[in-house]
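The sequence shown begins at 5 in our numbering and counts up one residue at a time.
Take a look at the structure set out below.
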Amino acid sequence: MVRSTVLSSALGLLSLVSVGAAAPLDTRVDAANTVKVMPFGASIVEITCWRAYLWKKLQDSGITNIDFVGSHGTPAAGCTLNGQSVNFDKDNEGHSGAKVTDYANNNSLPPWLSAAKPDMIIMHVGTNDASANISTAKVFSAYDKLIGQMRAANPRTTLIASKLIPIDPNLFGQSVADKVKDYNYAMEGWVKRTTTAKSPIVLVDLNTGFDYKTMTREGEHPNEKGDVFMAEKLFPAVKDQLVELSVQKMMGEQR
Ligand SMILES: *[C@@H]1O[C@H](CO)[C@@H](O)[C@H](O)[C@H]1NC(C)=O
Ligand SMILES: *[C@@H]1O[C@H](CO)[C@@H](O)[C@H](O)[C@H]1NC(C)=O
């Protein structure tokens with residue numbers, strides 16, 4: 005296909021998405037245009053349902069050229085929304101109990117990245133580091149190592165970084181809740197200095213407006229209301245970056 009044709013369909017696609025049309029995003033969706041998305045983190049990624057609701061919101065808005073990737077498909081039991089079961093691509097790289105500092109120290113990511121080849125990574129990780137009172141400096145040198153590993157695997161990695169959802173200080177201790185705040189504050193600066201044009205990092209604030217009293221099961225993991233909140237907060241950034249990546253793929257600019 006000539007570049008101008010690709011570009012005009014790409015621009016058509018962009019305007020279609022920007023008005024929020026429910027029509028199919030791209031009739032030429034195929035394996036080559038599929039964008040691979042890796043949800044990455046700990047139990048708040050693994051055993052929760054925001055991935056299901058995000059998948060559904062993307063499908064419902066016509067973004068169907070996506071493949072969630074990762075080394076496992078937990079939860080096997082699936083997710084429901086308002087009592088209806090939600091079908092979604094369950095593959096993910098959430099590992100309950102994991103710390104971002106463990107992922108960095110263990111060099112966990114490179115084999116997962118080379119197996120799954122994600123274009124985009126949606127990351128929520130650090131709550132277990134907060135529980136273990138790990139210093140902000142150590143946590144952010146771990147994030148530095150991980151983004152380096154992501155970019156070594158794919159120089160055009162798009163990272164959706166998130167501020168951590170809050171944790172109930174009455175159940176987990178004020179010092180743990182404060183650590184979450186410290187990490188979230190530091191995350192703003194980290195994203196600003198680490199994002200590049202080629203490998204953008206987009207920060208999604210999953211903390212502001214998240215009420216641990218009504219949106220968690222037990223002060224830490226989101227319940228249905230919390231999962232809906234997370235999916236709705238992630239959706240605009242994920243959608244915009246998926247469109248960007250789809251355009252790059254159509255124009256043959258991916259790695
Ligand atoms: C890192 O390695 C330790 C020690 O082998 C293990 O207990 C832990 O589960 C690993 N964590 C991750 C996130 O890979
Ligand atoms: C957390 O670590 C800091 C620095 O080592 C220490 O001063 C503080 O007492 C620790 N807090 C808890 C709750 O263990």
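C-beta: ideal position from N, C-alpha, C; glycine also.
Starting from residue i, follow the alpha helix (DSSP H) in both directions and report where the run begins and ends.
i: Ala-146; result: 140-157
i: Lys-217; result: 216-219
i: Asn-132; result: 131-135
Could you tell me the boundaries of the beta strand (DSSP E) in which residue i lies?
i: Lys-40; result: 39-45
i: Phe-72; result: 70-72
Let me make sure I understand the geometry here. Which of the options has the alpha-carbon closest to that of residue i?
i: Ile-171; options: Val-208, Thr-131, Met-42; result: Thr-131
i: Thr-161; options: Gln-245, Arg-55, Ala-46; result: Gln-245
i: Phe-239; options: Asp-209, Lys-253, Lys-217, Thr-105; result: Asp-209
i: Asp-186; options: Thr-218, Asn-91, Asp-133; result: Asp-133
i: Ser-118; options: Val-49, Ser-145, Ser-75, Gln-88; result: Ser-75
i: Gln-88; options: Tyr-107, Ile-70, Cys-53, Asn-69; result: Cys-53
i: Lys-121; options: Val-39, Ala-46, Met-127, Ala-56; result: Val-39
i: Asp-215; options: Lys-229, Trp-194, Met-255, Ser-203; result: Lys-229
i: Met-234; options: Ala-157, Gly-82, Ala-165; result: Ala-165
i: Asn-211; options: Met-127, Val-184, Phe-92, Gln-252; result: Val-184
Helix, strand or coil: how does DSSP classify residue i here?
i: Asn-111; result: coil
i: Glu-224; result: coil
i: Ile-48; result: helix
i: Glu-97; result: strand
i: Ser-65; result: coil
i: Ser-89; result: strand
i: Met-234; result: helix
i: Asp-30; result: Residue confidence for Asp-30 is low, a pLDDT of 46 falling below 50, so the modelled location carries little weight; the figure read from the coordinates is stated next. Here Asp-30 sits in coil by DSSP.
i: Met-124; result: strand
i: Thr-3; result: Nothing in the structure corresponds to residue 3, since the chain is present only between 5 and 259.
i: Thr-84; result: strand
- Message: Quick check on the DSSP output: what are the complete beta strand (DSSP E) runs of length 3 or more inside the segment 164-211, in order along the chain?
- Response: Secondary structure in the segment 164-211: the beta strand (DSSP E) runs of 3 residues or longer, each lying completely within the stretch, are 205-209 in chain order.
- Item | Any heavy atom of ligand 1 within less than 6 Å of residue CB: hits in chain order | With 6 Å as the limit between CB and the heavy atoms of ligand 1, the residues that fall short of it are His-99, Ala-102, Asp-106, Tyr-107, Asn-110, Ser-112.
- Query: Just the residues with CB closer than 6 Å to a heavy atom of ligand 2, in chain order, which are they?
  - Reply: Chain-ordered, the residues whose CB falls short of 6 Å from any heavy atom of ligand 2 come out as Asn-137, Ser-179.
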